[in-house]
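Student: Chains as they are written, first to last, in the numbering used here: chain A, 1 to 323; chain B, 324 to 649. So that we are looking at the same thing, I have put the structure below in structure tokens.
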Amino acid sequence: MNEVILSVKNLKKYFPIRSGVFQKVVGHVKAVDDVSFELRKGETLGLVGESGCGKSTTGRTILRLIEKTEGEVMFEGKDVYKLSREELRKLRPNMQIIFQDPYSSLNPRMTVGEIVGEALIEHGMANKNTVKAKVEEVLEMCGLSSYYIKRYPHEFSGGQRQRIGIARALALNPKFIVCDEPVSALDVSIQSQIVNLLCELQQKFNFSYLFISHDLSVVKHISHRVGVMYLGSLVELADKKEIFKNPIHPYTKALLSAVPIPDPTLKRERIILEGDIPSPANPPKGCKFHTRCPYKMDICKEVTPEYKDIGNNHFVACHLDGR
Amino acid sequence: MDELLIIKNLKTYFYTDEGVVKAVDDVSLRINRGQTLCIVGESGCGKSITAMSILRLIPDPPGKIEGGEIIFEGKDLLKLSDDEVREIRGNKISMIFQEPMTSLNPVFTIGNQIIEAIMLHQKLDKKEATKKSVEALKLVGIPRAEEIINAYPHELSGGMRQRAMIAMAMVCNPTLLIADEPTTALDVTIQAQILDLMRKLKEETKTSIMLITHDLGVVAEMAEYVTVMYAGKVVEEADVIELFKNPKHPYTLGLLESKPQIHIDKEKLYSIPGQVPNPFNLPKGCYFFPRCERAMEICKEVMPTLKEVGNGHKVACHLYGGDNNE
Ligand SMILES: Nc1ncnc2c1ncn2[C@@H]1O[C@H](COP(=O)(O)OP(=O)(O)OP(=O)(O)O)[C@@H](O)[C@H]1O
Ligand SMILES: Nc1ncnc2c1ncn2[C@@H]1O[C@H](COP(=O)(O)OP(=O)(O)OP(=O)(O)O)[C@@H](O)[C@H]1O
Ligand code: SF4
Ligand code: SF4
Ligand SMILES: [Mg+2]
Ligand SMILES: [Mg+2]
């Protein structure tokens, strides 16, 4: 693993909150609040965190599917936010996304063949004669038989739709894919098939993935490094082995303790987080996690802990620092 | 035993240009009062269609319930009028759909949708219903619930939408809660919270739960009884402890082996070889035959039937019970 393919610096995305008849802006949802990381060629960075903490927004802002508020996104040395529309269009096949919600991301009036084939033709990667074979090949790869090619999204089960979205992204042979909960709607046997496929493609073509998922066992399997987000910010990021063996941030610890284990006779000790999830429009002062942290100290309410490397490229933002 | 829902020989088919999809093919199952039944199975095996058949939500055409009975509190839902079914839906039986966007209306605010559901089923006035909606949203862990009731579905994250739906489904204290992959978009801490909430609902109001999930960890935690489906059919069912201790059907064994586990490292994940059979061209014998590592001659020709093999454990496979002559 070598060259950096993607570098994100101090990325912020704030959504305005509007209210009243005049839709006046009364505040902002700080969905992504100062996120920085790098991704290398052939690397998978897992991204986990509470629902609503800004994972999808991070992914979508990186790809410029929605506009950033602040910060910098460099892809292969180019600033994604300084590209013209045409340059961005050319770059598109290289940066793809598998959407979290397959239902709303597939055009209901297009057949599966058209959905997967459209972009291939648009980007000149297939023509009218070759597109069918290519589409069939990708569908098969994703565990969908080619007899599905003429059917419409609503005729599929949830997991099948998910795979259509995966096929659409993979068809373009991208260098970088934001995988937003790509396997969460799949049963485990197909899940393992897709996870194996993503790993294989990575080994063959050196793909890089930003892999968003709440299934920590899958994240653990597929990632090289894992980042943990809370209320719009990264609170911990480290090598996979390190983070699962030696989690430092109290939120990461709580997260790991909540993973269900397939054994009905097992009763485990869980760290149950007390308190409500704070609003990203009005995050707590000091450490954003202090309202729910079982280890909080006085300083945590006042001073924001710095996100820093505590050795071995293990980044963490907590006053405890593990010592 | 006190049975709340009995499904007998349900058949739900789709008529497409290429042929008939037997999405649910002769499925029988039962849920007792206060019980949690989990349904697991391959993507596309008919879990959601089974659930939607109960609420009579199958789009017709192309779908049709071709046979069977769905007895809920002693009445066959398939024989009720549309009005009678509507009365039950969202009231006695409520459903959390797999894809929240299919049931949240994009042009109404979240609040509008929950408040309306409450007013419809609980005869509360708008003010009380609003208060109750905010409480319900807080209960499922949505921060700034007072603001979120004024937000539109697209302004919520995937998991927030899912929780809004859960709130909507639970707020009316249903007798039967059908939850189709309710926690797929949720992180584990919120998942734990939602599962807890469902357990509480069950204890306090004796609600029965039909939980569709592919997460075997969730099954282990929630289920009393488990039904495993494959290609529109039930292939195995048992008490949850029995099923995990003593899985029998080769498909179930494959499922259990495919699951990555947080405390076990593997180079490559196990994956059941081959693919789900083409629904228009199902094998003659056992539907799992083309992928089964233990297949025998007979499996190719004869469809195994569901047979009891002891301990209330039922399995449809020729390896068990000497089911060779049908
Ligand atoms: N409107 C439709 N027209 C044709 N076929 C359909 C239609 N709706 C569903 N099907 C088919 O019925 C089968 C069962 O679908 P169902 O949604 O019940 O699967 P599922 O078990 O819930 O899968 P998943 O785990 O992926 O959600 C699938 O093969 C699907 O393609
Ligand atoms: N278009 C939008 N307008 C306003 N707020 C938005 C919009 N999109 C997202 N948000 C808000 O931004 C925050 C982060 O959302 P995001 O979808 O990134 O979360 P997530 O981490 O992907 O969560 P999940 O795991 O539930 O998918 C949420 O509070 C959400 O309500
Ligand atoms: S900084 Fe303080 S409140 Fe925040 S996670 Fe660390 S110990 Fe907990
Ligand atoms: S009946 Fe035969 S093919 Fe089917 S699961 Fe059993 S052994 Fe395998
Ligand atoms: Mg998301
Ligand atoms: Mg389904």
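Every residue, glycine too, gets a C-beta built ideally from N, C-alpha and C. Computed from a predicted structure; not experimentally measured.
1. When DSSP labels each residue in this structure, what does K82 of chain A get in the three-state scheme?
2. For H28 of chain A, which residues does DSSP report across the bridge?
3. Looking at A468 of chain B and ligand 2, is the gap between the Cβ and the nearest heavy atom below 7 Å?
4. Does ligand 4 have even one heavy atom less than 7 Å from the beta-carbon of L642 of chain B?
5. What separation, rounded to the nearest whole angstrom, lies between the Cα atoms of Y209 of chain A and E181 of chain A?
6. Whole beta strand (DSSP E) runs in the region 408–439 of chain B with 3 or more residues, listed along the chain?
7. Could you check where the beta strand (DSSP E) with L524 of chain B kicks off and where it finishes?
8. Using a Cβ distance threshold of 8 Å, determine whether the region 167–181 of chain A contacts the region 198–207 of chain A, with at least three qualifying pairs required.
9. Taking L186 of chain A as the reference, give the member of A:V178, A:Q203, A:I166 and A:P16 with the closest Cα.
10. Does the beta carbon of S515 of chain B come closer than 8 Å to any beta carbon on chain A?
11. Closer than 7 Å between beta carbons: that is the criterion. Which residues of the region 517–540 of chain B meet it against chain A?
12. Since I381 of chain B is in the alpha helix (DSSP H), which residue starts that stretch and which ends it?
13. Against chain A, with Cβ distances strictly below 8 Å, would L592 of chain B count as a contact?
14. Which of the residues in the region 151–180 of chain A, read from start to end, lie with their CB under 9 Å from any CB of chain C?
15. Suppose only complete runs of 3+ residues qualify. What are the beta strand (DSSP E) ranges in the region 358–382 of chain B, listed by chain order?
16. Can you name the start and end residues of the alpha helix (DSSP H) that D298 of chain A belongs to?
17. Verify whether the separation of the beta carbon atoms of N650 of chain B and E326 of chain B is less than 8 Å.
18. Can you tell me where the beta strand (DSSP E) holding E72 of chain A begins and where it ends?
19. Using a Cβ-Cβ cut-off of 8 Å, state whether E649 of chain B counts as contacting chain A.
20. Tell me whether I248 of chain A sits in a helix, a strand or coil according to DSSP, three-state version.
21. Please say whether L216 of chain A and V259 of chain A have beta carbons closer to each other than 8 Å?
22. In the DSSP assignment, find the unbroken alpha helix (DSSP H) run with Y574 of chain B in it and report its ends.
23. If you count every other CB in all the chains shown that lies within 10 Å of the CB of P250 of chain A, and 16 or more means buried, which is it?
24. Starting from T550 of chain B, trace the beta strand (DSSP E) in both directions and tell me its first and last residue.
25. Where H221 of chain A and K589 of chain B are concerned, what is the direct C-alpha to C-alpha distance, given to the nearest angstrom?
26. So the candidates are A:S36, A:R40, A:S51 and A:V4; which of them puts its Cα closest to the Cα of I212 of chain A?
27. Looking at the unbroken alpha helix (DSSP H) that takes in I62 of chain A, where does it start and where does it end?
28. Does any residue of chain A have a CB that is nearer than 8 Å to the CB of I393 of chain B?
29. Is the beta carbon of L11 of chain A sitting closer than 8 Å to the one on V26 of chain A?
30. Given a cut-off of 8 Å, decide if Y14 of chain A and K30 of chain A are closer than it, judged by their beta-carbon atoms.
31. When you compare only the Cα positions, how much space is there between K607 of chain B and L447 of chain B?
32. Between D510 of chain B and F420 of chain B, is the Cβ-Cβ spacing less than 8 Å?
33. Along the region 488–504 of chain B, what residues have a CB closer than 7 Å to any CB found in chain A?
34. Could you tell me which chain A residues have their CB closer than 8 Å to the CB of F603 of chain B, listed as they occur along the chain?
35. Secondary structure at V138 of chain A, three-state DSSP: helix, strand or coil?
36. To which residues does DSSP link C179 of chain A through a beta bridge?
Tutor: Reading from the atomic positions:
1. Here K82 of chain A sits in helix by DSSP.
2. Paired residues: A:P16.
3. Look at A468 of chain B: its beta carbon is at least 7 Å from all of the heavy atoms in ligand 2.
4. The nearest non-hydrogen atom of ligand 4 is less than 7 Å from the C-beta of L642 of chain B.
5. Each residue's alpha carbon lies about 12 Å from the other.
6. Taken in chain order, the whole beta strand (DSSP E) runs of length 3 or more contained in the region 408–439 of chain B are 416–419.
7. Counting along the chain, no beta strand (DSSP E) covers L524 of chain B; the unbroken alpha helix (DSSP H) around it starts and ends at V511 to T528.
8. Taking 8 Å as the limit for Cβ pairs, the verdict is that the region 198–207 of chain A does touch the region 167–181 of chain A.
9. Checking every option, the nearest Cα to that of L186 of chain A belongs to A:I166.
10. The residue you asked about is not Ser; residue 515 of chain B is Ala in the sequence shown. True, the Cβ-Cβ gap to chain A drops below 8 Å.
11. The residues in question are H537, D538, L539 and G540.
12. Where I381 of chain B is concerned, there is no enclosing alpha helix (DSSP H), given that its DSSP letter is neither H nor E.
13. It does; some Cβ of chain A falls within 8 Å.
14. Chain labels in this structure do not include chain C; the protein chains are A and B.
15. Counting only runs of 3 or more, we get 359–364.
16. In this chain, the alpha helix (DSSP H) harbouring D298 of chain A covers D298 to E302.
17. Not covered by the structure: residue 650 of chain B. The range shown for chain B is 324 to 649.
18. Unbroken beta strand (DSSP E) run through E72 of chain A: E70 to F75.
19. Only weak support is given to the placement of E649 of chain B: the predicted model assigns it a pLDDT of 38, under 50, and the question is left unresolved by the model.
20. Coil at I248 of chain A, not helix or strand.
21. Their beta carbons are under 8 Å apart, which means V259 of chain A touches L216 of chain A by this criterion.
22. In the DSSP annotation of this structure, the continuous segment of the alpha helix (DSSP H) that includes Y574 of chain B starts and ends at P573 to S581.
23. Its Cβ being crowded by 16 or more others within 10 Å, P250 of chain A is buried.
24. Per DSSP, the unbroken beta strand (DSSP E) holding T550 of chain B starts and ends at Y548 to Y553.
25. Taking the straight line joining both Cα atoms gives about 7 Å.
26. Among A:S36, A:R40, A:S51 and A:V4, the Cα nearest to that of I212 of chain A belongs to A:S51.
27. That run of the alpha helix (DSSP H) goes K55 to I62.
28. With 8 Å as the cut-off, I393 of chain B does not count as an interface residue toward chain A.
29. The answer is no: Cβ separation not under 8 Å.
30. Result yes, Cβ atoms of K30 of chain A and Y14 of chain A sit closer than 8 Å.
31. Taking the straight line joining both Cα atoms gives about 55 Å.
32. Not in contact: D510 of chain B and F420 of chain B (Cβ atoms no closer than 8 Å).
33. If you check each beta-carbon in the region 488–504 of chain B against every beta-carbon of chain A, the ones closer than 7 Å belong to E504.
34. Within chain A, the residues near F603 of chain B are Y147.
35. In the structure shown, V138 of chain A sits in a helix (DSSP, three-state: H, G or I).
36. Checking the DSSP bridge columns, you'll see C179 of chain A partnered with A:I98 and A:F211.
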